[in-house]
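Residue numbers (mature numbering (1 follows the signal peptide of the UniProt record, and there is no 0)): -19 to -1, 1 to 271. For glycine and all other residues, C-beta sits at the position ideal for the given N, C-alpha and C. Here's the structure we're looking at; comments come further down.
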């Protein structure tokens, strides 16, 4: 009986002893991993902005952060937001204005450290990036630069006054549907970004539309224009007043002539352009990509 008990005790102790040997033999090996063992030093993020000699539109930006900086995140103030980039880069600002440049330095653990922002001011536009439109301010006589078309027999009435080009109808509401607009032909370069901006104002409309197109087809009387719409002012069924600026960026697959068309219309018999009509001014269309 005693022998049996002893055997059972030995059998129970043996696995524990084996486990103890395993645990004793399992030692932590050296590990050079930065993420596990090395201390993390904070980065003091810094950068410089240097104008390119003889050029008011280009600046060299350089991440000058000391220490273990492994990446650079830039926001160059052009509306595109922040993105990882080069340690040193040349930035192009084709339009005169003030821009705020921001930089963040990235350490080995993926932490970002922000530098003090730097603001720069450019005083002139690059000539290749000027407004492509003539008569854009809608001053007296600027209507000579704008073509007009009407898809329907009843025409839109355009009036140039008070630095605005205003569309109205013969009656309000109109007794017959109107559909037409104004346009200019401009030359564009393929795969470059262009920006369209205009000021517009109108009261509460009804059964009306107000859109901007950038098409290759030529506008003409007797036909609706539907080539490459990029901007819509009035949401159908939401008849609210508007006064302000709208902007849209566009690119083109081929170089050549495109027609910038500002199209308006309204349906009979309740449609109208609001009591004061629909006005546009300060119409701007220019290339913004180098």
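Item, Value
"Contacts around residue 81, its chain only, beta-carbon distance under 6 Å, and the 5 residues preceding and following it disregarded", "58, 98, 100"
"Same chain only: Cβ atoms within 6 Å of residue 169, ignoring 5 sequence neighbours per side", "233, 239"
"Cβ neighbour criterion (16 or more within 10 Å) applied to residue 11", "With a pLDDT of 43 at residue 11, under the threshold of 50, the predicted position of this residue should be treated as unreliable, and no value is reported."
"Reduced DSSP secondary structure (H/G/I, E/B, other) of residue 287", "For the chain, the structure presents residues -19 to 271; residue 287 sits outside this window and is missing."
"8 Å contact criterion, which residue 73 and residue 45 should meet: CB distance rounded", "About 21 Å separates the two Cβ atoms, so there is no contact after all."
"Own chain residues within Cβ distance below 7 Å of residue 223, not counting five before or after", "181, 182, 183, 214"
"Cβ pair count under 8 Å reaching 3, the region 138 to 158 against the region 250 to 266", "yes"
"Nearest residue (CA-CA) to residue 161, options 138, 245, 197", "245"
"Same chain only: Cβ atoms within 7 Å of residue 48, ignoring 5 sequence neighbours per side", "22, 24"
"For residue 109 and residue 270, the rounded distance between their alpha carbons", "10 Å"
"Bridge partners - residue 55, DSSP secondary structure assignment", "64, 84"
"Local conformation of residue 271 per DSSP, three classes", "coil"
"Euclidean distance between Cα positions of residue 225 and residue 43", "38 Å"
"Proximity of residue 76 and residue 227 at Cβ, strictly below 9 Å", "no"
"Reference residue 116; option with closest CA among 146, 131, 106, 107", "146"
"Boundaries of the beta strand (DSSP E) in which residue 47 is found, first to last residue", "Premise fails: residue 47 is in no beta strand (DSSP E) and is neither H nor E."
"Nearest residue (CA-CA) to residue 83, options 90, 66, 105, 55", "55"
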